[in-house]
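First to last, the sequence lines map onto chains F and G.
Going letter by letter, the first sequence gives residues 1 to 297 in this note's numbering.
Going letter by letter, the second sequence gives residues 1001 to 1417 in this note's numbering.
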Amino acid sequence: MKQTGGVYRKSLRGEAAFMLPMLLCFVPVIIIPFFYAVYIGFMRWNGISQAKEFIGLLNYATIFTSDPQFWKSVWFSFRQTVAITVISNVLGLTFALLVSSMPKNMQGLPRTLLLLPNIMGGVIMGFIWRFIFQKVFLSIAEIPGLGFLGQSWLGEPGPAFWAIVIVSAWQYSGYTMIIYIAGLTGIDSDIKEAARLDGPSPLKEFFSITLPLIMPSVTVCIFWVMVKTFTMYDLVSSLTVGGPYGTTTTVSMNLYEEAFSRNNYGLGSAKAIVFFVFILCISLLQVHFTRSKEIEA
Amino acid sequence: MKRLLSVALIALIAISMVFAGGSSESSDQKVIRICQFKVEIADDLQKLAEEYEELTGIKVEVESTSSDGYQTLLRTKFAGDEAPDIFNNEGFSQMAEWSEYLADLTDEPWVADMVPQAVEGASIDGRIYGLPLYFEGYGWCYNPKMFEAAGITELPETLEEFDEVCTKLEAAGFAPIGLPFGASYNPGRFMFNVAVAHQENPTEFIEAACRGEIDFVNDKIMNEWVDMLDVCLKHAYKNPLDMDFPGQISSYAFEEVAITMANNGGWISFTEMNPDIDADYMVIPINNDAAFNDVLYAGPSTYWVVNKNSPVVEEAKDFLEWLVTSERGKYYLTDVFGFVPGLSTMSVSEEQVGPLSAAVSEAIVEGKTLGWEWPKYPNGAADEIGDAIIAYAAGELDRTQFLENVQEIFVRLSTVR
């Protein structure tokens, strides 16, 4: 008994020592700014002046009563998130199944190629794809049968929406693939062999055996992509700049503009808090839901 | 051993955090720190700073950064006690926002020489807080060579003539107008400004619009301006909604279009891409009254202001005075930087600054300019108006909806948030 306590105390101290450097970074850049934003959210402040005026919940009242642009951007981000989450997870899982069915020594190349887009920064990707949508596609469209590529991709709301979805799905599906491959490798081969004795179709095997067993990966992947797309800023700001006529403005862009170009720091911060609560609720629901589908073999 | 390592690591991080903030300040030489956003002049400004140090022994440190994100950077610097001594300000509402940090420059010798168009933006309660560093202006920027090739001998002075000229260009196989509607920046600021600047008293017009007292749908000038927009859309090159700023510059520079709306700063970008490009300004007619339309739109694009809490306020003021009164300073401003000056003591020729800036400078001297009104709009309004214009161009809004939308933007964004 005495001994166990000693070990426990020792390891706690060790953990604290390892966590401290992390906390030293995390507290000043995440925790303190977060509470500062909560504080600023109750103020009227232009971000320049030394004086801040306390106005209670007025900023929140503004958000919920007279800010159609904000809710438009929330609706846009929501639709984006649904489309990108579904597509990049389906693609990621498909890639994972394809790649892991290949011989071990041939998996390296496709894995690297598919993961590559995820390593590039969002702003650069936006500029590259802007060029592709506006110039490269125009050239390709001259090939008979591919004329549909020549449409105005970034000049109309519908195609601009899908342009962002295409680029994001391309970027994220490599990462989800890696997580799914890890999940697939973790499946005990005994279970699969046992299942095959019953002779299920490959489809039946996937939905009844494989998918339930990789649900933990699904939870992680959906959560990751969802939070990524909800808070997206860099890619959109370089690909469409929120256009055409503001139809692709994400929530992050809206609140950045509120704080920095319209000089309403208080309102911008309040929006950030509202958005934070919104994402928190949706993520909790999602994690709760997918967790409930997880089973243990 | 492990514990030692982690303690050492923590100590290292702690120490680096302490030292990251403070830079060494050893010498007691006076230093004026400038933080400015015109990257193009960064190197030459450095040379000017060195000349000034040789002359007076006062060191001038220049930090140049790009204009987007400049406001954010400035706020960070002020919040972090690294406020520069001289920095940029756009004037008008931005001047008011920063007023508590600005030194009063009313008694400086150059104030009397400010061109009249520069005074309003730098004034708060009748006192002057900024040095108008340069003016920028715009009209329709057109390609004289292409006009000649299309057989156009007279520049259009009315909307009808403008329409005819565009038709002639089309007949000669040229695309007439490059409309940069891929982003809200240009239409919301330059283009819409034409409708506001032509109002009897633009400042009062904007204030009334914010109070909801302007009937945009039945406003004569607003409707004429939409007529002009219709003509532009009729003669636009490709899909204007696909044309972003780089696309606009390159399509004009490579003579894909004959006309575009660009400010005089565009000349440098044009010639960088195509040294043989030619350009000049013509007026932007919105109706058929030639005298009414005979103006360019020019504004004091940026002011240099002095931080009143700086330890070197007097030195900074002296530096500004030297910049605009000494021969060397003036030489840098006009010949090297190619600025359209904001003081009547300087003038520029086409050889010094290129045809577009020369045309703007000439219009300012002749008093044939209207102002840049968008710095007086409520914050964020210019971008939303730009979006409304683009939505109109896309057929998303009709004329009435568009004008109602603009009216709503002024009212909504001016209500205190």
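Just so it is clear, CB atoms sit at the ideal spot from N, CA and C, and this is done for glycine as well.
All values reported here derive from a predicted model rather than from experimental measurement.
For His-1198 of chain G, which option in G:Lys-1330, G:Glu-1314, G:Arg-1075, G:Val-1295 has the closest C-alpha, if you only look at C-alpha atoms? As a first step, residue 1198 of chain G is located in the second sequence; it is residue number 198 there, counting from the start. The closest CA to that of His-1198 of chain G, considering only G:Lys-1330, G:Glu-1314, G:Arg-1075, G:Val-1295, is found on G:Val-1295.
On the criterion of 16 or more Cβ atoms from any shown chain inside 10 Å, does Leu-114 of chain F qualify as buried, or is it exposed? Taking the first residue of the first sequence as position 1, residue 114 of chain F is located at position 114. Burial call: buried.
Quick one, are the C-beta atoms of Ser-283 of chain F and Val-227 of chain F less than 8 Å apart? For the purposes of this step, residue 283 of chain F is identified with residue 283 of the first sequence, where counting begins at 1. For the purposes of this step, residue 227 of chain F is identified with residue 227 of the first sequence, where counting begins at 1. Taking 8 Å as the cut-off, the Cβ atoms of Ser-283 of chain F and Val-227 of chain F count as close.
Buried versus exposed call for Ile-1409 of chain G [16 or more other C-beta atoms within 10 Å across all chains shown]: Locating residue 1409 of chain G in the second sequence gives position 409, counting from the first residue. Buried, by the Cβ-count rule.
Would you verify that the beta carbon of Leu-1241 of chain G is, or is not, closer than 8 Å to some beta carbon of chain F? The count along the second sequence starts at 1 and reaches residue 1241 of chain G at position 241. Chain F has a Cβ within less than 8 Å of the Cβ of Leu-1241 of chain G.
Grouping DSSP H, G and I as helix and E and B as strand, with all else coil, what is Glu-156 of chain F? Here the question's residue 156 of chain F lines up with position 156 in the first sequence. DSSP, reduced to helix, strand and coil, places Glu-156 of chain F outside both helices and strands of the structure shown, so it counts as coil.
On the DSSP bridge list, what partners appear for Met-1261 of chain G? Taking the second sequence and counting its residues from 1, one reaches residue 1261 of chain G at position 261. Note: Met-1261 of chain G sits in a beta bridge opposite G:Trp-1140.
So for Leu-12 of chain F, helix, strand or coil by DSSP? On the first sequence, residue 12 of chain F is found 12 positions in, with the first residue counted as 1. Leu-12 of chain F falls in the helix class under three-state DSSP.
Identify which residue in G:Asn-1143, G:Ala-1150, G:Glu-1164, G:Asn-1089 has its Cα closest to the Cα of Gly-1130 of chain G. Walking along the second sequence from the start, residue 1130 of chain G turns up at place 130. Of the candidates G:Asn-1143, G:Ala-1150, G:Glu-1164, G:Asn-1089, the one whose C-alpha sits nearest the C-alpha of Gly-1130 of chain G is G:Asn-1089.
Contacts that Leu-154 of chain F makes with chain G (C-beta to C-beta distance below 9 Å): Position 154 of the first sequence, counted from the start, is the residue given in the question as residue 154 of chain F. The contacting residues are Gly-1182, Leu-1241, Asp-1242, Asp-1244.
Are three or more beta carbon pairs between the segment 170-187 of chain F and the segment 99-116 of chain F nearer than 8 Å? Touching, yes, given that three or more Cβ pairs across the two stretches are closer than 8 Å.
Touch test, the segment 236-243 of chain F against the segment 1180-1189 of chain G, Cβ-Cβ under 8 Å, three pairs minimum: The segment 1180-1189 of chain G and the segment 236-243 of chain F touch, with three or more beta-carbon pairs separated by less than 8 Å.
Taking the runs of the alpha helix (DSSP H) that are 4 residues or longer, which of them lie wholly in the segment 1129-1208 of chain G? Taking 4 residues as the minimum length, the alpha helix (DSSP H) runs contained wholly in the segment 1129-1208 of chain G are 1144-1149, 1159-1171, 1192-1197, in order along the chain.
Cβ-Cβ distance between Pro-1341 of chain G and Tyr-1134 of chain G below 8 Å: Numbered from its first residue, the second sequence carries residue 1341 of chain G at position 341. Numbered from its first residue, the second sequence carries residue 1134 of chain G at position 134. With contacts defined as CB atoms closer than 8 Å, Pro-1341 of chain G and Tyr-1134 of chain G qualify as a contacting pair.
Against chain G, with Cβ distances strictly below 8 Å, would Ser-283 of chain F count as a contact? Position 283 of the first sequence holds residue 283 of chain F. For Ser-283 of chain F, no CB of chain G lies under 8 Å from its own CB, so it is not counted at the interface with that chain.
Cutoff 8 Å: Asn-298 of chain F Cβ touching any chain G Cβ: With chain F represented from 1 up to 297, any question about residue 298 of chain F goes unanswered, as that position is not in the structure.
Going by beta-carbon coordinates alone, are Leu-1241 of chain G and Ile-1390 of chain G separated by less than 8 Å? Counted from its first residue, the second sequence places residue 1241 of chain G at position 241. Counted from its first residue, the second sequence places residue 1390 of chain G at position 390. Contact: yes.
State the start and end residues of the unbroken alpha helix (DSSP H) segment that holds Glu-1404 of chain G. Position 404 of the second sequence, counting from 1, holds the residue named residue 1404 of chain G. From DSSP, the alpha helix (DSSP H) with Glu-1404 of chain G extends over 1399-1414.
Which of helix, strand or coil DSSP assigns to Pro-1341 of chain G: Your numbering for residue 1341 of chain G matches position 341 in the second sequence. When DSSP states are grouped into helix, strand and coil, Pro-1341 of chain G belongs to the coil group.
Endpoints, the beta strand (DSSP E) within which Tyr-1281 of chain G is located: By 1-based counting over the second sequence, the position of residue 1281 of chain G is 281. In the DSSP assignment, Tyr-1281 of chain G falls within the beta strand (DSSP E) that extends over 1280-1282.
Short check: CB of Leu-1403 of chain G to CB of Val-1194 of chain G, under 8 Å? Translated into the one-based positions of the second sequence, residue 1403 of chain G becomes position 403. Translated into the one-based positions of the second sequence, residue 1194 of chain G becomes position 194. Val-1194 of chain G is positioned such that its CB atom lies no closer than 8 Å to that of Leu-1403 of chain G.
Residues of chain F with CB under 9 Å from Ala-1391 of chain G, in chain order? Along the second sequence, one-based indexing puts residue 1391 of chain G at 391. Here the neighbours are Pro-244, Tyr-245, Gly-246, Thr-247.
Beta-carbon neighbours of Glu-257 of chain F, restricted to chain G and to distances below 9 Å: Here residue 257 of chain F refers to the residue found at position 257 when the first sequence is read from its first residue. For Glu-257 of chain F, the residues of chain G that pass the 9 Å Cβ criterion are Gly-1380, Asp-1383, in the order they occur in the chain.
Using the Cβ count rule (16 or more neighbours within 10 Å means buried), how would you classify Ile-1249 of chain G? Counted from its first residue, the second sequence places residue 1249 of chain G at position 249. Around the beta carbon of Ile-1249 of chain G, a 10 Å sphere encloses 16 or more other beta carbons of the protein chains shown; the residue is thus reported as buried.
Could you spell out the range, first to last residue, of the alpha helix (DSSP H) harbouring Trp-75 of chain F? What you label residue 75 of chain F is simply residue 75 of the first sequence in a count that begins at 1. Unbroken alpha helix (DSSP H) run through Trp-75 of chain F: 68-100.
Less than 8 Å between the beta carbons of Pro-144 of chain F and Trp-153 of chain F, yes or no? The residue labelled residue 144 of chain F in the question sits at position 144 within the first sequence. The residue labelled residue 153 of chain F in the question sits at position 153 within the first sequence. It is not a contact, given that the beta carbons lie outside the stated cut-off.
Going by DSSP, what residues sit across from Tyr-1303 of chain G in a beta bridge? Residue numbering aside, residue 1303 of chain G sits at position 303 when the second sequence is read from its first letter. Under DSSP, Tyr-1303 of chain G forms a beta bridge with G:Asn-1089, G:Pro-1132.
My guess is that Cys-1141 of chain G and Ala-1279 of chain G are in contact by the Cβ rule of under 8 Å, so how many angstroms apart are they, rounded? Here residue 1141 of chain G is taken as the residue at index 141 of the second sequence, counted from 1. Here residue 1279 of chain G is taken as the residue at index 279 of the second sequence, counted from 1. Going by Cβ atoms, the distance from Cys-1141 of chain G to Ala-1279 of chain G rounds to 5 Å, so yes, they are a contact pair.
Which runs of the alpha helix (DSSP H) fall wholly inside the segment 1042-1122 of chain G and span at least 4 residues, in chain order? Entirely contained in the segment 1042-1122 of chain G, the alpha helix (DSSP H) runs reaching 4 residues are, in chain order, 1042-1056, 1070-1079, 1093-1098, 1116-1122.
Taking only three categories from DSSP, how would you classify Leu-114 of chain F? Locating residue 114 of chain F in the first sequence gives position 114, where the first residue counts as 1. In the three-state DSSP reduction, Leu-114 of chain F falls in the helix class (H, G or I).
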